[in-house]
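Novice:
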Amino acid sequence: MDHAVSQHSIPAHRTATEHQLANGLRLVLSEDHLTPVVAVCLWYDVGSRYETTGRTGLAHLFEHLMFQGSAQVSGNGHFELVQGAGGSLNGTTSFERTNYFETMPAHQLELALWLEADRMGSLLAALDQESLDNQRDVVKNERRQRYDNVPYGTAFERMMALVYPEGHPYHHTPIGSMADLDAVTLDDARAFFRANYAPNNAVLAIVGDIDPEQARQWTEKYFGSIPRFDGKAPPPDGSLPDIIGTGLRVQIEEDVPARALMAGYRMPPDGTRECDAAEVALTVLGQGESSRLYNRLVRRDQTATSADFGLLRLVGAPSLGWLNVKASSGTELAQIDAAVDEELALLGAEAPSAAELERAQALLERDWLDQLGTVAGRADELCRYAVLFGDPQLAFTAADRLLSISPEEVRAVAAARLRADNRVVLAYEPAAPPERAESQDGAGQ
Numbered sequence: 027m028d029h030a031v032s033q034h035s036i037p038a039h040r041t042a043t044e045h046q047l048a049n050g051l052r053l054v055l056s057e058d059h060l061t062p063v064v065a066v067c068l069w070y071d072v073g074s075r076y077e078t079t080g081r082t083g084l085a086h087l088f089e090h091l092m093f094q095g096s097a098q099v100s101g102n103g104h105f106e107l108v109q110g111a112g113g114s115l116n117g118t119t120s121f122e123r124t125n126y127f128e129t130m131p132a133h134q135l136e137l138a139l140w141l142e143a144d145r146m147g148s149l150l151a152a153l154d155q156e157s158l159d160n161q162r163d164v165v166k167n168e169r170r171q172r173y174d175n176v177p178y179g180t181a182f183e184r185m186m187a188l189v190y191p192e193g194h195p196y197h198h199t200p201i202g203s204m205a206d207l208d209a210v211t212l213d214d215a216r217a218f219f220r221a222n223y224a225p226n227n228a229v230l231a232i233v234g235d236i237d238p239e240q241a242r243q244w245t246e247k248y249f250g251s252i253p254r255f256d257g258k259a260p261p262p263d264g265s266l267p268d269i270i271g272t273g274l275r276v277q278i279e280e281d282v283p284a285r286a287l288m289a290g291y292r293m294p295p296d297g298t299r300e301c302d303a304a305e306v307a308l309t310v311l312g313q314g315e316s317s318r319l320y321n322r323l324v325r326r327d328q329t330a331t332s333a334d335f336g337l338l339r340l341v342g343a344p345s346l347g348w349l350n351v352k353a354s355s356g357t358e359l360a361q362i363d364a365a366v367d368e369e370l371a372l373l374g375a376e377a378p379s380a381a382e383l384e385r386a387q388a389l390l391e392r393d394w395l396d397q398l399g400t401v402a403g404r405a406d407e408l409c410r411y412a413v414l415f416g417d418p419q420l421a422f423t424a425a426d427r428l429l430s431i432s433p434e435e436v437r438a439v440a441a442a443r444l445r446a447d448n449r450v451v452l453a454y455e456p457a458a459p460p461e462r463a464e465s466q467d468g469a470g471q
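Take the position in the sequence shown, starting the count at 1, then add 26; the result is the number in our numbering.
#1: Pair every Cβ in the segment 373-391 with every Cβ in the segment 342-354, then say whether three or more of these pairs are closer than 8 Å.
#2: What residues match up with residue 288 in a beta bridge as DSSP calls it?
#3: Hey, could you find the ends of the beta strand (DSSP E) residue 232 is sitting in?
#4: May I ask you to list the residues that DSSP assigns as paired with residue 335?
#5: Using a threshold of 8 Å, state whether the C-beta atoms of residue 278 and residue 452 are closer than that.
#6: Using only alpha-carbon positions, find the residue among 406, 231, 357 and 324 that is nearest to residue 245.
#7: Could you tell me how far apart the beta carbons of residue 447 and residue 331 are, in whole angstroms, since I believe they sit closer than 8 Å?
#8: Report all residues from its chain with a CB closer than 8 Å to the CB of residue 274; omit the five preceding and five following residues, and keep chain order.
#9: Using DSSP with H/G/I as helix, E/B as strand and the rest coil, what is residue 93?
#10: Report yes if the C-beta distance between residue 116 and residue 409 is below 8 Å; otherwise report no.
#11: Alpha carbon to alpha carbon, what distance is there between residue 318 and residue 194?
#12: Would you tell me roughly how many angstroms separate the C-alpha atoms of residue 119 and residue 304, rounded to the nearest one?
#13: Between residue 206 and residue 268, what straight-line distance do the alpha-carbon atoms span, to the nearest angstrom?
#14: Rounded to a whole number of angstroms, what is the C-alpha to C-alpha distance between residue 182 and residue 340?
#15: Per DSSP, which residues does residue 41 bridge with? Please list them.
#16: Does the structure place the segment 416-426 close enough to the segment 259-268 that three or more beta carbon pairs sit under 8 Å?
#17: Thinking just about the alpha-carbon of each residue, which of 327, 308, 338 and 414 is nearest to the one in residue 437?
#18: Drop a sphere of 10 angstroms on the beta-carbon of residue 369, count the other beta-carbons inside from all chains shown, and report buried for 16 or more, exposed for fewer.
#19: Who are the near neighbours of residue 352 in its chain, counting only those whose CB is closer than 7 Å to its CB and skipping five residues on each side?
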């Protein structure tokens, strides 16, 4: 298989140019005239790692507040204007960034830019106690629905708190805690916005059926007068030892449908060759029905109904290797645990075969091509590499770096990181069903 992707598989139009406004806003443009659509993607260099103790959840709360009106767009107007123009939109929050994005018919690009600029430049004009309270309640309800009241819903939060110690910027997840959300004041919210939602803390990517010069002029017109903010503190230090140093295991008894074994491992930080090797290693072990863990646990032993091993790439801290195995009925977790340890030790002792490596790299290459194959996906990747690594062009060569990883590099990272003293385990056991209470009228006696 020819893996020279950057030279042979990317059409010529998948290129990008970068510009910078006087106020510090970075603009990335990428033309693609295959369809008459355009993606606008705006990444702010703020995520939950910037939050302080007692005020977790602010970054995610602002993801919601940014859709609740600004100086010239009241209430739900952002959604109404974009959807009324035939577009789609959303926003997301992670540990290391918050992003907002629209996909529009190409002739509606100016509308999308005006909307994004209006809330960047004037959200504080519309932010009041009523909108804060309203969106605080929305986020708290989201936490109940997606985390607190679903099977295994708090697993990720538990895992992060164990892999990244208390006081570490990645110890808590972006959703925040109920108590901290309740504690947020209007002054807290305003200060957080001023520090983080400034043009010199953002990257704007415009991808699709565009005239680059017109896109630049509109960006200058709508964003150019927004003042920069130079008082933002640098990201907190997230460095940690490569190895946790001990094996941690937490038994959890909850109302879950099946026993589950989840494990977290500290892996190399994003942007390093070792991180790319780790992603290939975890793909060999736990991505797809041809992976080692799926073949062993689901197909051969029939001790599990699913087995996945993935990588959460993090720039400001060790990345997280996340193992998730759901047990078959009647299987004890100890049996699964022993089999997982055996498979991880095998990869650390002997490099994967050429066929295994090619399969894993092909899966990762396909994911990369799928991401760059849409204007929205490409805009997001350009923003990611610009914000986190300083160079949007790295988006176009990400697959090359993965495809150059050698079998020995895969073995080495498995041996170094997939160890018993670098693992946190969550062992889920279904809660015992309550005993049937006798009916008050003595029926059935």
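Backbone N, C-alpha and C define an ideal beta-carbon position, used for all residues, glycine too. On a predicted model such as this, the values are computed, not experimentally measured, just so you know.
Specialist: Let me lay it out:
#1: no
#2: 350 and 452
#3: 228-234
#4: 349
#5: yes
#6: 231
#7: So it is not a contact: roughly 29 Å between Cβ atoms.
#8: 188, 449, 450 and 451
#9: coil
#10: no
#11: 33 Å
#12: 24 Å
#13: 30 Å
#14: 15 Å
#15: Answer by DSSP bridge pairing: none, since residue 41 is not bridged.
#16: no
#17: 308
#18: buried
#19: 284, 286, 330, 331 and 332
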